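Novice: In our numbering, the protein residues as written are 1329 to 1515.
Idealized CB from N, CA, C, for every residue including glycine.
Since the model is a prediction, treat every value here as computed from it, not as a measurement.
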């Protein structure tokens, strides 16, 4: 499954108490290693610094949305990886990161046009792969060079799928931020 730039492979879960302890130690380690601060963790996850310290002490733990926001907006990749590792440790789950340029059409704006272009590219590459597989099924030989070409096309399909997803999520978050800004001054 491809989610927000991370590939997820199925596995077994860890008991909640162990995850809470591991998360507390991970957050403390991230702060100790200057990957982030408690203040930044709070700002990125939308909670107070005192809540972050409760997480670190193991008194409570972040909800799904708080972790999602941290992984999504934490500026240091090492910190993102540390957070994801807490949830995948001891399981068959694996996460991989893809650095992607979301401005597919190079117009300086990440918008629905980029999602559309990425989706179109994905479908073209998928169609080409399907045509090649059909030819092989009908008796056409697939030499090592064609195999490598198909692997590259399938990698492009996955990349464009991820770009489309990330652009759509970015657009949704931008709409949410604009609504919050409009509501805040009148409150």
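1. CA-CA distance, residue 1374 and residue 1397?
2. From residue 1424 to residue 1484, what does the alpha carbon distance come to, in whole angstroms?
3. For the segment 1353-1366 and the segment 1399-1418, state whether three or more C-beta atom pairs, one from each stretch, are separated by less than 8 angstroms.
4. Compute the Euclidean distance between the alpha carbons of residue 1354 and residue 1420, then round it to the nearest angstrom.
5. If you measure between the beta carbons of residue 1348 and residue 1387, is that distance less than 7 angstroms?
6. Let's test the definition: count the other Cβ atoms within 10 Å of the Cβ of residue 1357 and tell me whether it reaches 16, buried, or not, exposed.
7. Looking only at its own chain, which residues have a Cβ that is under 7 angstroms from the Cβ of residue 1525, when we skip the five neighbours before and after it?
8. What's the C-alpha gap between residue 1456 and residue 1474?
9. Less than 7 angstroms between the C-beta atoms of residue 1431 and residue 1438, yes or no?
10. Taking a contact to mean a Cβ-Cβ separation below 7 angstroms, would you say residue 1495 touches residue 1454 in this structure?
11. Around the C-beta of residue 1461, are 16 or more other C-beta atoms found within 10 angstroms, so that it is buried, or is it exposed?
Specialist: Per the coordinate set shown:
1. 8 angstroms
2. 15 angstroms
3. Between the segment 1353-1366 and the segment 1399-1418 there are three or more C-beta pairs closer than 8 angstroms, enough to call the two in contact.
4. 20 angstroms
5. no
6. exposed
7. Here the chain covers residues 1329 to 1515 and nothing more, so residue 1525 does not appear.
8. 12 angstroms
9. yes
10. no
11. exposed
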